[in-house]
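Here the numbering used here runs 692 ahead of the position in the sequence shown, where the first position is 1.
Even for Gly, the Cβ is constructed at its ideal location relative to N, Cα and C.
Here the structure is a predicted model, which means the values were calculated and not measured.
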Amino acid sequence: MSVAAQRCKILAHMFVRVLQKLDQVQNSSTAYACAFDHSKIDMAKNAIQYVIAELEAQATWDSTD
Numbered sequence: 693m694s695v696a697a698q699r700c701k702i703l704a705h706m707f708v709r710v711l712q713k714l715d716q717v718q719n720s721s722t723a724y725a726c727a728f729d730h731s732k733i734d735m736a737k738n739a740i741q742y743v744i745a746e747l748e749a750q751a752t753w754d755s756t757d
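This is the structure:
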């Protein structure tokens, strides 16, 4: 695996961790108590999932070179 592919994999993993943290925040009792706008976090999660997919595709592409 190339260095670029490894970097993409690492970044994708970091964004997966961000998604996990966003899920924790979204499901926390504090978010419910503050009438937290869940649609904003859903939009952020969708954008992050797109970035993860792009990074994984790039890692696959870079590893085939």
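query, result
"Is it buried or exposed, A697, if we count other Cβ atoms within 10 angstroms and call 16 or more buried?", "buried"
"For a test of your reading of the model: does the CB of S694 fall under 7 Å from any non-hydrogen atom of the ligand ATP? Yes or no.", "With respect to small molecules bound, the structure shown includes none, and the ligand ATP cannot be examined in it."
"Are the CB atoms of I702 and L714 nearer to each other than 8 Å?", "no"
"Using 8 Å as the threshold, is the C-beta distance between V717 and I740 below it?", "no"
"Applying the 10 Å Cβ sphere with the 16-neighbour rule, what's the burial state of C700?", "buried"
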